[in-house]
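Chains as they are written, first to last, in the working numbering: chain A, 3 to 370; chain B, 3 to 370.
Idealized CB from N, CA, C, for every residue including glycine.
It should be emphasised that the depicted structure is a prediction, and the values quoted were computed from it without experimental measurement.
Heads up, the thing below is written out as structure tokens.
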DNA sequence: ATTAGCACTCTCGGCCATAGAGTGCTAACG
DNA sequence: CGTTAGCACTCTATGGCCGAGAGTGCTAAT
């Protein structure tokens with residue numbers, strides 16, 4: 003946790019390499035051409051497309067220098083140049099003309115959120131959908147979760163089939179339902195039949211005693227409670243612990259077919275491995291420590307990723323939500339040949355938008 | 003709704019075509035070989051693999067007959083035979099030696115469900131995951147939904163930020179949360195500040211009056227209620243209406259990468275269109291009327307599907323849940339070259355298993 | 001009715017030649 | 001000295017060609 007490989011790579015790329023004016027513009031041009039066309043870019047076609055005021059030979063020598071620095075690479079002698087991961091890194095750090103998102107795009111996104119009567123899961127789904135559509139990449143959004151779950155309110159309901167439902171509201175407004183264990187209930191009921199009135203009484207007791215408490219605090223009160231109340235409180239503690247522990251439980255993804263469209267994944271074998279990682283949400287675990295260190299957009303390019311299967315993709319992610327209350331991540335996944343100047347502002351904007359939504363609603367309605 | 007193209011195709015295939023004993027076994031062998039190998043199967047290799055007691059020439063003539071009937075087809079003059087959609091249909095209808103699922107597989111599946119403390123959304127996720135894994139196809143599971151939502155119980159909670167949360171338990175045990183509209187609340191509060199006690203009172207009133215009522219019935223009581231209670235009841239009615247209307251809202255899929263693995267989808271272009279349909283859940287709409295007509299497993303092969311993008315895939319689906327209380331669908335999607343003898347029993351078993359789960363729990367915990 | 005035999009067809013993989021794009025180097029130029 | 005034009009070189013991509021192999025359909029014999 004103290005030092006972090008990704009951070010190191012970033013520092014190295016941003017700090018140590020000094021480029022001449024010309025090298026910079028050549029690198030920028032190569033990256034941007036390649037991102038557009040997916041074809042290795044040669045010196046000649048480059049001067050053509052960009053109307054540079056130098057000849058192809060000059061560009062060639064600049065390219066050779068950039069290659070020596072490890073910023074470009076050669077698929078083979080006599081093909082054009084392709085940016086290396088480090089090249090993309092430098093581009094992202096200092097060459098890219100980054101902007102805030104278009105006013106127009108901002109409004110369009112806002113509009114879509116305003117459109118529907120939404121619960122928070124649907125926000126997430128929508129966020130993923132918007133992200134995928136406007137970056138043409140795969141999008142991933144994890145729900146914002148409490149860091150330290152606290153009890154707020156409980157209610158016990160008897161259902162038609164005589165089973166008991168425990169509806170639990172957490173401090174951050176999350177709501178969790180859990181059925182009470184049938185066996186235990188029957189054991190308790192054997193001594194003393196349990197009516198809805200009893201349930202209400204238990205709920206009232208807990209609602210008076212427990213608000214604001216975390217899992218271990220609830221545990222400590224168990225002994226002071228009657229058997230039924232204790233059983234319910236035990237369930238409460240379990241739920242709180244789960245909410246503490248589970249950082250990622252469900253992840254919303256969208257736009258996988260966008261990635262399929264990319265020529266680098268036309269042979270689906272590579273993509274399979276990426277999808278598998280995505281499906282199992284493994285990479286999110288890796289992401290979390292990085293993201294919790296700081297707000298803002300984080301970019302992980304190709305081999306900077308510690309997961310092998312992800313060596314040919316880039317991630318552009320940002321955390322959202324207030325640290326220590328509710329924190330999730332959202333972002334996009336695409337080939338390293340990613341339109342960073344578009345992806346980064348979009349992710350940033352969506353993260354701030356989600357922040358807004360959370361803070362105005364206090365994450366009130368959740369989990370449909 | 004009166005007549006249905008898929009049904010017609012089935013009848014035609016099952017009813018009209020009479021095959022000789024030999025033709026049947028050749029067709030069966032071709033289908034099974036092709037499903038295994040994904041390679042067009044020739045007469046010679048076929049007699050080799052199946053140890054038939056006839057020569058390749060005989061098989062050839064049988065193949066020619068089957069081709070004339072439209073059950074097999076020829077990629078080109080001198081390649082082996084491949085089953086047509088109709089060929090698969092006939093195989094599924096009458097040639098396949100279908101069985102119930104292995105005792106062992108049944109237990110393994112049961113075991114996985116028993117493993118975890120699950121809420122119903124996690125059942126669905128797990129069902130999709132199991133289905134995908136044990137058929138090596140993409141799996142789709144839609145939640146079982148009430149047909150006619152009924153009120154059961156409501157609770158009003160004041161959150162830390164002063165917004166009010168309405169927690170609503172439906173007749174089938176589904177739980178929905180909704181935040182109360184802030185503007186309205188403030189308007190009501192201006193005349194008469196609203197305390198948690200007031201909220202409890204309102205909840206108690208509604209819990210006494212409304213249980214068992216459907217949306218229109220709730221609407222009819224609105225006039226008899228006080229302003230705050232009426233506002234809450236209005237929200238209740240809205241939620242009930244939404245639950246009535248929404249047949250499909252979220253769909254759980256899994257195992258997409260399994261389909262990517264299939265050779266027919268190595269060139270990802272075709273798959274893209276399928277994925278797109280899958281993502282937008284379009285096909286489920288098409289599925290629902292068919293499935294609600296009857297219990298049991300339904301198979302839709304290639305061109306039998308009305309959606310163009312799905313002409314190269316087969317669906318094996320079954321409804322689950324009790325009609326008119328809660329009904330969802332689950333099943334798998336794969337290339338037409340699908341291992342039907344495995345997929346069908348698996349889908350069937352999982353559907354009955356879900357039925358069991360629903361009826362024992364009365365669909366109690368849901369929508370975590 | 002079945003089978004053996006045979007001529008025919010078509011794909012697939014390897015091989016070669018060619019065209020085209022791009023490079024690296026060198027020598028000339030301002 | 002940086003820049004540029006020119007040129008030889010390298011490598012890929014493309015298309016044609018050939019032979020092997022697999023499979024078919026037909027016919028004649030059993």
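Open item on the list: Quick check on residue 270 of chain B - is its C-beta less than 8 Å from some C-beta in chain A?
Closed with: yes
Open item on the list: Does residue 404 of chain B come out as helix, strand or coil in the three-state DSSP assignment?
Closed with: Residue 404 of chain B lies beyond the stretch modelled for chain B, which goes from 3 to 370, so this question has no answer here.
TODO: Could you tell me whether the Cβ of residue 161 of chain A comes closer than 8 Å to any Cβ of chain B?
DONE: yes
Task: Residue environment, residue 214 of chain A, which counts as buried when at least 16 other CB atoms sit within 10 Å - done: exposed
TODO: Tell me whether the beta-carbon of residue 347 of chain B lies closer than 8 Å to the beta-carbon of residue 100 of chain B.
DONE: yes
Task: Which listed residue (A:40, A:336, A:93) has its alpha carbon closest to that of residue 73 of chain A - done: A:93
TODO: Give the secondary structure of residue 250 of chain A by DSSP, where H, G and I count as helix, E and B as strand, and everything else as coil.
DONE: Interpretation of residue 250 of chain A is limited by its pLDDT of 49, a score under 50 that renders its predicted location unreliable; the figure taken from the coordinates is listed afterwards. In this structure, residue 250 of chain A counts as coil in the three-state DSSP scheme.
Task: Contact list for residue 277 of chain B against chain A, beta-carbon separation under 9 Å - done: 258, 259, 262
Open item on the list: Let me see if you follow: with CB-CB separation under 8 Å, is residue 167 of chain A close to chain B or not?
Closed with: yes
Open item on the list: 8 Å is my cut-off, CB to CB: does residue 142 of chain B come that close to chain A?
Closed with: no
TODO: Could you tell me whether any Cβ in chain A is nearer than 8 Å to the Cβ of residue 155 of chain B?
DONE: yes
TODO: Look up residue 1 of chain B in the DSSP assignment and say whether it is helix, strand or coil.
DONE: As shown, chain B starts at 3 and ends at 370. That puts residue 1 of chain B outside it, with no answer to give.
Task: Interfacial residues, the segment 39 to 68 of chain A to chain B, with Cβ spacing under 9 Å - done: none
- [ ] Pick helix, strand or coil for residue 75 of chain A, following the three-state DSSP scheme.
- [x] strand
Task: residue 330 of chain A in three-state terms, based on DSSP - done: strand
TODO: Decide if residue 195 of chain A is buried, meaning its Cβ has at least 16 other Cβ atoms within 10 Å, or exposed.
DONE: exposed
Open item on the list: Once DSSP output is grouped into helix, strand and coil, what is the label at residue 113 of chain B?
Closed with: helix
TODO: Can you tell me which of A:124, A:156, A:317 puts its alpha carbon nearest to the alpha carbon of residue 209 of chain A?
DONE: A:156
TODO: Could you pull out every residue in the same chain whose Cβ sits closer than 6 Å to the Cβ of residue 117 of chain A, ignoring the five residues on either side in sequence?
DONE: none
Task: 6 Å Cβ shell around residue 87 of chain B - same chain, five flanking residues per side excluded - done: 303, 304, 305
Task: residue 179 of chain A - containing beta strand (DSSP E), residue span - done: 177 to 181
Open item on the list: Taking the straight line between their C-alpha atoms, what separation do you get for residue 132 of chain A and residue 46 of chain A?
Closed with: 38 Å
Task: chain A within 8 Å of residue 267 of chain B, Cβ atoms only - done: yes
Open item on the list: Suppose you measure from the CA of residue 41 of chain B to the CA of residue 82 of chain B; what does that come to, to the nearest Å?
Closed with: 8 Å
Task: Nearest residue (CA-CA) to residue 173 of chain A, options B:350, B:177, B:32, B:164 - done: B:164
Task: CA-to-CA distance, residue 63 of chain A to residue 43 of chain A, given in whole angstroms - done: 14 Å
Open item on the list: Please list the terminal residues of the continuous beta strand (DSSP E) segment that includes residue 320 of chain A.
Closed with: 315 to 322
Task: Nearest-angstrom Cα separation, counted from residue 270 of chain A out to residue 166 of chain A - done: 48 Å
Open item on the list: Does chain B have any CB closer than 8 Å to the CB of residue 24 of chain A?
Closed with: no
TODO: Could you have a look at residue 85 of chain B and say whether DSSP puts it in helix, strand or coil?
DONE: strand
- [ ] Use the C-beta contact count for residue 314 of chain B: other C-beta atoms within 10 angstroms, 16 or more gives buried, fewer gives exposed.
- [x] buried
Task: Nonlocal neighbours in the same chain, by C-beta distance under 7 Å from residue 312 of chain A, ignoring five residues either side - done: 276, 279, 285
TODO: Could you list which residues in chain A have their beta carbon closer than 9 Å to that of residue 273 of chain B, in chain order?
DONE: 259, 262, 270
Task: Among A:169, A:128, A:353, A:273, the one whose alpha carbon lies nearest that of residue 310 of chain A - done: A:273
TODO: Determine whether the Cβ of residue 281 of chain A lies closer than 8 Å to any Cβ atom of chain B.
DONE: yes
TODO: Kindly list, in the order they appear in chain A, the residues whose Cβ is closer than 8 Å to that of residue 177 of chain B.
DONE: 167, 169, 177, 179
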